[in-house]
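Before any comments, here is the structure.
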Amino acid sequence: MTTSLTLSAVGGCPKHMTYGPCGGVAADGTCEVTPEPCPFVAGATVPWPGPGPASTSPTAEGLQILDLLERRGIVVAGMPARALDVASVEACGRQLAGRVDAVLAGDSGRARVQFPPTYRAELIRRAGLRAWPGLNCRDRNRVALEGELAGLAAVGAAGVHCVTGDHPAGGHRPDAQPVFDLESTELVGLAREQGLLVSVAESPASPPVHRRAERLAEKVRAGAQLCFTQYCGEAGEVGAFVAAMRQAGADVPLLPGVPVVLDVPSAELLASFAAAVLPAGYVESVLTASDPFRAGVEAALRYGEELLAVSGVAGVVVAGAAEHGTEVETSAAIGEISAALGGGS
27 MTTSLTLSAV
37 GGCPKHMTYG
47 PCGGVAADGT
57 CEVTPEPCPF
67 VAGATVPWPG
77 PGPASTSPTA
87 EGLQILDLLE
97 RRGIVVAGMP
107 ARALDVASVE
117 ACGRQLAGRV
127 DAVLAGDSGR
137 ARVQFPPTYR
147 AELIRRAGLR
157 AWPGLNCRDR
167 NRVALEGELA
177 GLAAVGAAGV
187 HCVTGDHPAG
197 GHRPDAQPVF
207 DLESTELVGL
217 AREQGLLVSV
227 AESPASPPVH
237 RRAERLAEKV
247 RAGAQLCFTQ
257 YCGEAGEVGA
267 FVAAMRQAGA
277 DVPLLPGVPV
287 VLDVPSAELL
297 ASFAAAVLPA
307 GYVESVLTAS
317 DPFRAGVEAA
327 LRYGEELLAV
337 SGVAGVVVAG
347 AAEHGTEVET
357 SAAIGEISAA
367 LGGGS
């Protein structure tokens, strides 16, 4: 597989990216790390040079996901368990079992230090769920990334969500040295070689908006098989992105995100996501309701149904943050929403 050894094809990227921009570009075009403009916003999309990924048979659970995609929209759910807490993963897993098609276990929005992806995947599978862990390039060089991918295949993960990762300067461990030896576009081929289904992220509402579909197409040429999007507005706006990505050559299943907002802390975390766009009044209608928890469940369910009705949408990702001590209740809400949208059926 061809990988880049340069710091960046576009100078000045703190993540050393060649195939940017990342999803951390703010609405005004500035970088997530510095107040300077993202160097990719004014430039052109850098094409993936190839080669394509090696052909490897998917894992057994990966094949199950592919079968589900042939029959219906799938529901992937986040798991708001506490970081570094096995009991929390087990308790949250009980709320999702039988109600979702897979669990997306990416980096916690509230912690940088977490269990390794392979161990998270094993804990999720023990809970009777298909694991779809996230793997970031922020904390690991290419050797460590290859080891994690081999481990994920060995424990039978259904797939892996390949992301470049948030810069540590924006988290609670700014003292950590950023690695960024590879980036998500380079990582996907390595994951395919291990027989893992590979999803990537895209932020349709993040600058440069007009090149986001092209950027996704380059990830697909590198081997990406699904796309999970950042929150990107009304169902009609999601439909417009589906059309744009198809025109750009990214013919892969698209799973837009459905945010679960149940209280003020979950709304505050959502507000911290760069360039995330929600339907008008989505958060306000929840927080001003007499019962915000129930209103949040109903809002997410309505939005999920609207997204699943969009032509070209292959499923949704239902996720939300939990305040400390409410992880099980939040997982129960995510499970309820997911099951109502057809997950686990």
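Sequential numbering from 27 applies to the sequence shown in our numbering.
Heads up, the beta-carbon is just placed ideally off N, CA and C, and yes, glycines get one too.
I need the straight-line Cα distance from residue i to residue j, nearest angstrom please.
{"i": "residue 27", "j": "residue 351", "result": "Note on residue 27: pLDDT 39, under 50, position unreliable in the model; the coordinate value appears next. Going from the Cα of residue 27 to the Cα of residue 351 covers about 44 Å."}
{"i": "residue 234", "j": "residue 270", "result": "14 Å"}
{"i": "residue 204", "j": "residue 279", "result": "31 Å"}
{"i": "residue 38", "j": "residue 73", "result": "19 Å"}
{"i": "residue 365", "j": "residue 71", "result": "39 Å"}
{"i": "residue 293", "j": "residue 357", "result": "16 Å"}
{"i": "residue 152", "j": "residue 62", "result": "45 Å"}
{"i": "residue 45", "j": "residue 126", "result": "33 Å"}
{"i": "residue 199", "j": "residue 192", "result": "12 Å"}
{"i": "residue 250", "j": "residue 319", "result": "36 Å"}
{"i": "residue 179", "j": "residue 86", "result": "10 Å"}
{"i": "residue 98", "j": "residue 88", "result": "15 Å"}
{"i": "residue 165", "j": "residue 309", "result": "33 Å"}
{"i": "residue 297", "j": "residue 154", "result": "32 Å"}
{"i": "residue 206", "j": "residue 212", "result": "11 Å"}
{"i": "residue 189", "j": "residue 272", "result": "21 Å"}
{"i": "residue 50", "j": "residue 238", "result": "13 Å"}
{"i": "residue 317", "j": "residue 81", "result": "51 Å"}
Count the other CB atoms, across all protein chains shown, that sit within 10 Å of the CB of residue i; report buried if there are 16 or more and exposed otherwise.
{"i": "residue 139", "result": "exposed"}
{"i": "residue 110", "result": "exposed"}
{"i": "residue 167", "result": "exposed"}
{"i": "residue 31", "result": "Note that residue 31 scores a pLDDT of 32, beneath 50, so its modelled location is shaky; the value from the coordinates is reported in the next line. Exposed."}
{"i": "residue 236", "result": "exposed"}
{"i": "residue 34", "result": "Note on residue 34: pLDDT 44, under 50, position unreliable in the model; no value is reported."}
{"i": "residue 243", "result": "buried"}
{"i": "residue 68", "result": "exposed"}
{"i": "residue 40", "result": "buried"}
{"i": "residue 133", "result": "buried"}
{"i": "residue 121", "result": "buried"}
For residue i, which residues from the same chain have a beta carbon less than 6 Å from its beta carbon, with the 5 sequence-adjacent residues on both sides left out?
{"i": "residue 9", "result": "Residue 9 falls outside the range modelled here, since the chain spans only 27 to 371, and no answer is possible."}
{"i": "residue 169", "result": "none"}
{"i": "residue 143", "result": "159, 161 and 174"}
{"i": "residue 307", "result": "none"}
{"i": "residue 369", "result": "101, 125, 126 and 127"}
{"i": "residue 177", "result": "144"}
{"i": "residue 305", "result": "260"}
{"i": "residue 349", "result": "291"}
Do residue j and residue i have their beta-carbon atoms positioned less than 9 Å apart in this structure?
{"i": "residue 129", "j": "residue 367", "result": "no"}
{"i": "residue 219", "j": "residue 274", "result": "no"}
{"i": "residue 56", "j": "residue 64", "result": "yes"}
{"i": "residue 276", "j": "residue 254", "result": "no"}
{"i": "residue 246", "j": "residue 222", "result": "no"}
{"i": "residue 59", "j": "residue 202", "result": "no"}
Within the same chain, show all residues whose beta-carbon is closer than 8 Å to that of residue i, passing over the 5 residues directly before and after it, in chain order.
{"i": "residue 323", "result": "286, 288, 359, 362 and 363"}
{"i": "residue 149", "result": "112, 115, 116, 119 and 141"}
{"i": "residue 90", "result": "156 and 184"}
{"i": "residue 333", "result": "261, 264, 282, 284, 339 and 342"}
{"i": "residue 299", "result": "256 and 257"}
{"i": "residue 268", "result": "280, 336, 337, 338 and 339"}
{"i": "residue 353", "result": "106, 107, 108, 114, 117 and 118"}
{"i": "residue 146", "result": "115, 131, 140, 157 and 159"}
{"i": "residue 311", "result": "321 and 325"}
So, for residue i: in the same chain, excluding its five sequence neighbours on each side, which residues have a beta-carbon less than 7 Å away from its beta-carbon?
{"i": "residue 458", "result": "This structure gives no information on residue 458, because the portion of the chain shown stretches from 27 to 371."}
{"i": "residue 303", "result": "231, 257, 258 and 259"}
{"i": "residue 197", "result": "138"}
{"i": "residue 315", "result": "321"}
{"i": "residue 208", "result": "29, 163, 168 and 171"}
{"i": "residue 182", "result": "85, 86, 87 and 151"}
{"i": "residue 83", "result": "221"}
{"i": "residue 12", "result": "Residue 12 lies beyond the residue range present for the chain, which begins at 27 and ends at 371; the question has no answer from this structure."}
{"i": "residue 123", "result": "153, 154 and 155"}
{"i": "residue 224", "result": "185, 186, 188, 214, 217, 218, 249, 250 and 251"}
Can you find a C-beta in chain D that's less than 9 Å from the C-beta of residue i?
{"i": "residue 271", "result": "Any reference to chain D falls outside this structure, which holds one protein chain only."}
Tell me, please, whether the region 325-335 touches the region 86-95 by the rule of three or more beta-carbon pairs shorter than 8 Å.
no
Cβ contact check for the region 103-112 and the region 341-351: 3 or more pairs under 8 Å:
yes
When the Cβ atoms of the region 253-263 are set against those of the region 69-80, are three or more pairs found closer than 8 Å?
no
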